[in-house]
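Going by the numbering used here, the sequence shown opens with residue -1, and the numbers climb by one from there.
Yeah, the Cβ is synthetic: ideal placement off N, Cα and C, and Gly gets one too.
These figures come from a predicted structure and were not determined experimentally.
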Amino acid sequence: MKIKLETLQHQTDALAAIDKFFPGMDRMSNDPNANYIYANPLIKYRYNDKANIDIKMETGTGKTYVYTRMMYELHQKYKLFKFVIAVPSPSIKEGTRSFITSDYAKQHFSEFYENTRVQLNVINAGDFSARSGRRNFPAQLSEFVEATRQNANQIEVLLVNQGMLHSRSMHRDDYDQTLLGGETAPIKAIAATRPVVIIDEPQRFPRGKKYYEDIEEMKPQLIVRFGATFPETASGRGKNKVTKVDYYRGEPQFNLDAVDSFNQGLVKGIDIDYPDMPEEQARNLYKVKQVKNKELILTKDKKEYSLSANENLADIDPDFAGNITYEGGRDHALSNGLVLSKDMKLIPGTFAQNYQDEIISQALDCHFKVEEKNFLRPNSGDNAPKIKTLSLFFIDSISSFRGENNGKGWLAQDFEKILTDKLKKLISRYEMAIDDREKQYCSFLQATLKSLQSEHPDAYAGYFGKDRGSSDEGIQAEVEDILSNKEKLLSFKDKDGNWLTRRFLFSKWTLREGWDNPNVFTIAKLRTSGSEISKIQEVGRGLRLPVDETGHRLNQDEWQSRLSFLIGYDERDFAQKLVGEINDDSPIKLNQEELTDDMIKLIVQTKQKTDPHFDEDQLLDDLDNHNVITRSNKFKENVELDGQTMSGYDALCQLYPELEQQTKVAKGRVRDKNSKDNTVVKLRKQNWQQLKNLWLQLAKRQMIKFDPSVNQDAETVARNVFNDSDNKIFVLQRQQKVHQEVVTDNSSASVRETQADYSTKYLTMKYGKFLKILAQQTDLSVNLLNNLMIKAIKRLRNNTNYINEKTLGNLIRTFNNQFNERIKTSYSYEPLNFSSSTSIYNAKKQEFVDSIPASVLGVYQSDSTSDEKYLYDRPPLRYDSADPELKILQRSYGPKISVFGKLPKKAIKIPRFDNGTTTPDFIFKIEHGKKPIYLVIETKAENMRLGDEEIHTIQKKYFDHLKESGVYYRMATSEQEVHDLINKLENGELN
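Shown next, in the form of structure tokens:
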């Protein structure tokens, strides 16, 4: 399996923000060292914090991808070629190194930046060790510092963690060699290169602290910070203390916060589980009163218990199992690695071996529940690629996993026994399978069981900090697989066709940061990690969206994915804390006492996406008419709305649900064990049965059959495009210089910006690469394209400088736009002689399913009254947009509407001529004499996005062939438009 990197929209938006806020290059400087070949060119407003850039991206959304591509972009546009990436820890450094040097990343970026490579120089502890009595610089430091601009196709990157950056080795100046002809201190040599510094995890580099001072000593021209969390600053004391996030320019230049990440489905949803505990055990709770270097004081029922360093917790209560002592010291840790802090709560029962076994058992149940779905891919069409399912277990004791003399610890033995029992039960279910995919799964399970029964099981592996220095070859092979061989972990078979069964990984928090694998679907914590660690950080290793066995990243619309997070009873409030952290990440703080300017701005901006004319005055007038606010924008206490009395704030949220949608994580994105049932929507089978005859037709698969003329059309379009009659496609490409000047007009000032060529040398591409990409992106034959290019270049007087990236982009974009426009009606749907299951319908049984995940109906929910005509149980209502979806659902309909409802994602799966499928949003059954009418609605905002009209054309063409069955298809932008359509159909006014 090869991972395929795909540029996602939010990553493109982040790169666009960097481009927008990049201060530009200083072409007019009088600095005599401006052209120093060992240093970056000069950047405008260099060394100024106000020119630095902050990019806020939630864990799991691809910030490493963005800052790696940013380096390529800044090199291509501005010839910047020296970058320093500063990360907090060795584990994050290893994760960054692994990504940048991976074959799949190199392949991906080579498609955009031809002949450009990154030379990654990593500095590790020990690299400065004196050899042969001489103290020399590490080779990788010398490579970075002394690389010159003359190698125009190479980007020099220095990767270093904060501990290494702060070390004496980086600051001392008594080395036996020099850099750049005179520099004897590494940090000063780096400063001489005028680097651009990238800070990963900026909250670990707060301004004014020692690690940020190390950043400043490198004298970066520009700093770009990437992270989910940023440092905070505080002013004032006591009640007057004010804390705010420390952004360079007061706010991030790009903000993809936790709320947006979860609500937009850019990361997995989360399920929190924990084994219950008898009430008597749960009440046996100790609270940490005081932690000192040599003493621990616990309290229970107003009684104090004292432990000195190295004394056993079992001396206080025998239920503290596992021979755990208080180690004390500056970390105030137990011998199992748990760091204690004041007011932390400890439940002895969670330390018992049988309790950890219960967590393991539940974790494996979660694993196999999702593994079956990921392997079999039900309702995903024939031969849908499989998805490898991984689980991660965090443990507190290495000896419990690896026993003495390379033997197995008690935890590994218990794990094997529990896993073996579950495998045998699963195998017995699939042994008599007839379906080919089920037979494959049975074979996979049998291979796993066989692995467990061998001397060195491959099905599970561990990685711990001390493994780095291990001489055991088996341990080193496990570590290599876990840390560096991501593609092997994601593959089902090796090159010889043997099953790769490794999918259960163990670690002692070593994999909590820096390491990631998108196919982790279960994380189990066998011990609490303490109360001070970020909950988002803890689940972060499993948030990334998964990839299938072809390497394709699966978004939530393609395949619903969730992370099961297993914890102990002592952390049963984890889900509430996690939701609180996600909501706190929103830049807008909701005030339930008054309507703030930030709240007004948010509502107006969101409403304008569907109603461009909506403004603040319209909002305030509406709230005033509903008697929601006072003249000073305070919320009134009792407001009558739709026959109910509520607070003014609640009335605002009911009138404008966009407010909480943008500032709170949607219900169901994070679920604990007590809320899971709320995320499944039950179908009203008696209502769906009224659609049965129609669904028998919709379930029949349709194949797109292009008209015979399509191939000729493609060639005709290609010839027209290559003729370039407007002289806009074949263009010359030079690097640009940007000129800015401040101009004043009356009392205001503004910046006027112009661009011009600053180099006489043209940028070009190799013809073979140009032709290969062109063929891939247009599906035209290389022979045809080659002939067309020969004619075009001849017409351009044999000037091969026109073979460049801009011309390539123009050709691809223009051809695809014109061809798609030409063929969007040049095909038909040809029915096939078989049916296929969808999210709502089981084709084998020819019946509707009992229930569906609520998320496939919509990420938001709203209270509502029951409606016997609706296709699902309600309340609540599930929806994706407040306008028009929620308004359509909240409207009442006349007696001729027998059933109606929102269609879930992939309910019909209409094939698109440009690949993929589409499903409309709503269906209404209208009683009309002896033959019912079915109104199918696709909803869009009034200001439709690019592509919305294309979807409308595809869906209309599909449903037109069902007109004889009484199906009418329309696109609507408001609930009033839907209401009017229904009236016209009831009155026979539409054909």
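Close-in-space but distant-in-sequence residues of the same chain around residue i (CB under 8 Å, 5 per side omitted)
{"i": "TYR877", "result": "LEU855, GLY856, TYR858, GLN859, SER860, GLU883, LEU884, LEU887 and LYS900"}
{"i": "ILE1", "result": "SER100, TYR102, LYS484, GLU485, LEU488, VAL545 and GLY549"}
{"i": "LEU561", "result": "LYS266, GLY267, ILE268, ASP269, VAL518, PHE519, THR520, ILE521, VAL537, GLY540 and LEU541"}
{"i": "LYS366", "result": "A quick correction: the sequence has Phe, not Lys, at residue 366. Hits under 8 Å: LYS420 and LEU424."}
{"i": "ASP675", "result": "Residue placement at ASP675 is poorly supported in this model, since its pLDDT is 44, which falls under 50; the coordinates are not used for a value here."}
{"i": "LEU600", "result": "ILE586, GLU656, LEU657, GLN660 and THR661"}
Residue i to residue j span [Cα, whole Å]
{"i": "ARG328", "j": "ASN589", "result": "41 Å"}
{"i": "VAL257", "j": "LEU782", "result": "49 Å"}
{"i": "ASP743", "j": "GLY22", "result": "In this prediction, ASP743 has a pLDDT of 46, which is less than 50 and means its spatial position is unreliable; nothing more can be read from the coordinates."}
{"i": "ASN483", "j": "GLY549", "result": "14 Å"}
{"i": "THR5", "j": "THR94", "result": "18 Å"}
{"i": "MET68", "j": "PHE768", "result": "23 Å"}
{"i": "PRO610", "j": "LEU692", "result": "38 Å"}
{"i": "LYS54", "j": "VAL85", "result": "16 Å"}
{"i": "ARG202", "j": "TYR210", "result": "9 Å"}
{"i": "PRO276", "j": "ILE357", "result": "15 Å"}
{"i": "SER395", "j": "ASP571", "result": "25 Å"}
{"i": "GLY964", "j": "TYR932", "result": "6 Å"}
{"i": "SER837", "j": "ALA697", "result": "11 Å"}
{"i": "LYS735", "j": "ASP24", "result": "Any reading at LYS735 must be qualified, since the residue scores a pLDDT of 46, below 50, and its modelled position is unreliable; no value is offered."}
{"i": "LYS506", "j": "ASP568", "result": "19 Å"}
{"i": "GLY124", "j": "MET162", "result": "10 Å"}
{"i": "THR57", "j": "THR608", "result": "30 Å"}
{"i": "LYS632", "j": "LEU220", "result": "44 Å"}
8 Å Cβ cutoff, residue i in contact with chain D
{"i": "TYR765", "result": "Absent from the structure is chain D; it holds one protein chain and no more."}
For residue i: DSSP bridge partner residues
{"i": "SER562", "result": "ASP269 and THR520"}
{"i": "ASN119", "result": "LEU156"}
{"i": "ALA841", "result": "Its beta-bridge partners do not exist; DSSP assigns none."}
{"i": "ASN253", "result": "LYS54"}
{"i": "GLY22", "result": "Answer is none; GLY22 lacks a bridge partner."}
{"i": "ARG281", "result": "Answer by DSSP bridge pairing: none, since ARG281 is not bridged."}
{"i": "LYS990", "result": "Given a span of -1 to 989 for the chain in the structure shown, any question on residue 990 remains unanswerable."}
{"i": "LEU390", "result": "LEU503 and ILE521"}
Residue range of the unbroken beta strand (DSSP E) whose run includes residue i
{"i": "ALA459", "result": "458 to 461"}
{"i": "SER833", "result": "825 to 833"}
{"i": "VAL302", "result": "Residue identity differs from the one stated: residue 302 is Glu in this sequence, not Val. From DSSP, the beta strand (DSSP E) with GLU302 extends over 301 to 306."}
{"i": "LYS703", "result": "698 to 704"}
Contact test: residue i Cβ vs the ligand MN heavy atom, cutoff 7 Å
{"i": "LYS437", "result": "In the structure on display, the ligand MN does not appear, and there are no ligands present to speak of."}
Own chain partners of residue i with C-beta closer than 6 Å, once the 5 adjacent residues on each side are dropped
{"i": "THR643", "result": "ASN636"}
{"i": "TYR303", "result": "LEU296 and ILE314"}
{"i": "LEU294", "result": "LEU305 and TYR324"}
{"i": "PRO873", "result": "ASP861 and SER862"}
{"i": "SER397", "result": "GLY407"}
{"i": "LEU156", "result": "VAL82, ASN119 and PHE142"}
Of the listed residues the options, nearest to residue i (C-alpha basis)
{"i": "THR241", "options": "ALA232, GLU249, HIS454 and ALA905", "result": "ALA232"}
{"i": "SER108", "options": "LEU177, LEU139, PHE135 and THR66", "result": "THR66"}
{"i": "ALA312", "options": "MET342, GLY347 and LYS292", "result": "GLY347"}
{"i": "PHE920", "options": "ILE16, PRO930, ALA970 and SER259", "result": "ALA970"}
{"i": "ILE121", "options": "ASN31, TYR111, SER165 and THR114", "result": "SER165"}
{"i": "GLY993", "options": "LEU338, ALA319 and ALA712", "result": "Nothing in the structure corresponds to residue 993, since the chain is present only between -1 and 989."}
{"i": "SER896", "options": "GLU828, PRO930 and VAL577", "result": "PRO930"}
{"i": "LYS867", "options": "ARG682, ARG793 and ASN831", "result": "ARG682"}
{"i": "MET597", "options": "THR608, GLU614, SER452 and LYS607", "result": "GLU614"}
{"i": "LYS287", "options": "PRO893, ASN238, ASN321 and LYS343", "result": "LYS343"}
{"i": "SER864", "options": "ASN802, LYS789 and ARG889", "result": "ARG889"}
Contacts around residue i, its chain only, beta-carbon distance under 7 Å, and the 5 residues preceding and following it disregarded
{"i": "THR628", "result": "LYS634"}
{"i": "HIS169", "result": "ALA183 and ILE185"}
{"i": "LYS938", "result": "ASP946, MET969 and THR971"}
{"i": "LYS491", "result": "TRP497 and LEU498"}
{"i": "PRO200", "result": "ARG223, GLY225, PHE228 and PRO229"}
{"i": "ILE810", "result": "LEU772, GLN775 and THR776"}
Delimiting residues of the alpha helix (DSSP H) encompassing residue i
{"i": "PHE413", "result": "408 to 428"}
{"i": "ASP11", "result": "7 to 19"}
{"i": "PRO184", "result": "184 to 189"}
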